[in-house]
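Asker: Just passing along the structure, written as structure tokens.
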Amino acid sequence: MTVCVEQSVHDSQVENKNHTDDTNELVLDGEFVVPDAVVNGDFDCPEVNAFGQTFRDYDAETERQKQVEECYRLNHIHQTYEYVKKMREEYKKLDKLEMSIWECCELLNEVVDESDPDLDEPQIEHLLQTAEAIRKDYPHEDWLHLTALIHDLGKVLLLPRFGELPQWAVVGDTHPLGCAFDESIVYHKYFKENPDMSNPAYQTKNGIYKEGCGLENVTISWGHDDYMYLVAKENGTTLPDAGLFIIRYHSFYPLHRSGAYKHLMNEKDTENLKWLQIFNKYDLYSKSKSRVDVEKVKPYYLSLIKKKNSDGEDWRQ
Ligand SMILES: [Fe+2]
Ligand SMILES: [Fe+2]
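For the sequence shown, the UniProt record's numbering begins at 1 and goes up steadily by one.
In structure tokens, the structure reads:
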């Protein structure tokens, strides 16, 4: 997803060059800055991806901007703690439809993400562009290639067969509920009308959570991230933790772009966040116009899907 001028822009110590000081709206300069945290340890995170591109250009002039802002306005008004609890319970049942991963990739072509100001290509191209770019730079991390392929499949929630949820309940940046809305969240001003604002328990930095409790214990706004996480988990995926973390939090830009809510993370989250920040650069990359020959790369991804289905294999061999 992306940030709308605010949507999803991401990143942390990333100087807030993507947000203005008081409105929290993105300054659309199209520049993506790699957070310092990513450049630590064993993670080699290049300034630009293998194709030499940077991303997430929320062009303030784009014709889609108003649509994006409206999507966030509704998101910020309607996503409450109770709403998310209810949606998780409902969709955890996984009673909508059964299909293969590749079928779902193709089905996603019917979806248009209104929160994304610059993604016009079919969704399957976005998935494959992201995966192929990562594959080129990280050829041995095959689990990451598959993670990229499936990370946005939760957007099927927009389709009638999956409940035809409104855009504000499927796409866009995500954020925690049950604690204060951080200023770094895009279009923060629209939270004024959110019913949770009248609950004193949700207005502090930690809210109903304990510091260091771990993100898995934090309720995050409902959307395609959490849904795909539930689908993968309930289907017994063998993807490593980092893969599931990427799927579940890749739209959590206040965390991985602005560094907000880190006080709720535990040690495992800190490790996984490094991979998410690497992944995010390639997710944004999909905005490029490079085309992927779907039929040509399909056999490789089918082999990964098959591997995913076989128990006990080590994804990081
Ligand atoms: Fe996404
Ligand atoms: Fe994506």
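Where is the CB? At the ideal position from N, CA and C, for every residue including glycine.
These numbers come from a predicted model, not from an experiment.
Residues bridged to residue 176 by DSSP?
Answerer: 220.
Asker: What residue does the alpha helix (DSSP H) around residue 85 start on, and which one ends it?
Answerer: Where residue 85 is concerned, the enclosing alpha helix (DSSP H) stretches over 81-91.
Asker: Under the rule that 16 or more other beta-carbon atoms within 10 Å means buried, what is residue 79, buried or exposed?
Answerer: Classification of residue 79: buried, given that the 10 Å Cβ count is 16 or more.
Asker: If I measure Cβ to Cβ from residue 94 and keep anything under 6 Å in the same chain, skipping five residues before and after, which residues do I get?
Answerer: The answer, listed in chain order, is 234.
Asker: At a threshold of 8 Å, does residue 130 count as lining ligand 2 (C-beta to nearest heavy atom)?
Answerer: Checking the Cβ of residue 130 against ligand 2 gives yes.
Asker: Closer than 7 Å by C-beta to residue 123: which residues in its own chain qualify, once you throw out the five before and the five after it? Chain order, please.
Answerer: Contacts found: 108, 109, 111, 152, 155.
Asker: Need the endpoints of the alpha helix (DSSP H) that residue 72 sits in, please.
Answerer: Its alpha helix (DSSP H) spans residues 65-78.
Asker: Determine, using beta carbons only, whether residue 177 and residue 297 come nearer to each other than 9 Å.
Answerer: No, the Cβ-Cβ distance between residue 177 and residue 297 is not below 9 Å.
Asker: Between the stretch 221-230 and the stretch 272-285, do three or more beta carbon pairs fall short of 8 Å?
Answerer: With a cut-off of 8 Å, the stretch 272-285 and the stretch 221-230 do not count as touching, because too few Cβ pairs lie within range.
Asker: Quick check: the Cα distance between residue 71 and residue 98, rounded to an integer number of angstroms?
Answerer: Taking the straight line from one Cα to the other gives about 29 Å.
Asker: Assuming contact is defined by CB atoms lying nearer than 9 Å, are residue 167 and residue 158 in contact in what I supplied?
Answerer: Yes, the Cβ-Cβ distance between residue 167 and residue 158 is below 9 Å.
Asker: Tell me which residues pass a beta-carbon proximity test against ligand 2: closer than 5 Å to any heavy atom, given in chain order.
Answerer: Listed along the chain, these residues meet the criterion: 152, 283.
Asker: Return yes when the Cβ of residue 272 is within less than 9 Å of the Cβ of residue 252, no when it is not.
Answerer: The answer is no: Cβ separation not under 9 Å.
Asker: Residue 263: buried (16+ other C-beta within 10 angstroms of its C-beta) or exposed?
Answerer: Answer is exposed; the Cβ neighbour count stays below 16.
Asker: For the candidate residues 131, 144, 128, 64, whose alpha-carbon lies nearest to that of residue 239?
Answerer: When each option's Cα is compared against that of residue 239, the closest is 144.
Asker: Is the CB-CB distance between residue 305 and residue 102 below 9 Å?
Answerer: Yes.
Asker: At the level of alpha carbons, what is the spacing between residue 266 and residue 69?
Answerer: About 33 Å.
Asker: Mind checking whether the beta-carbon of residue 155 lies closer than 8 Å to any heavy atom of ligand 1?
Answerer: True, at least one ligand heavy atom lies under 8 Å from that Cβ.
Asker: Nearest-angstrom Cα distance between residue 216 and residue 67?
Answerer: Roughly 31 Å between the two C-alpha positions.
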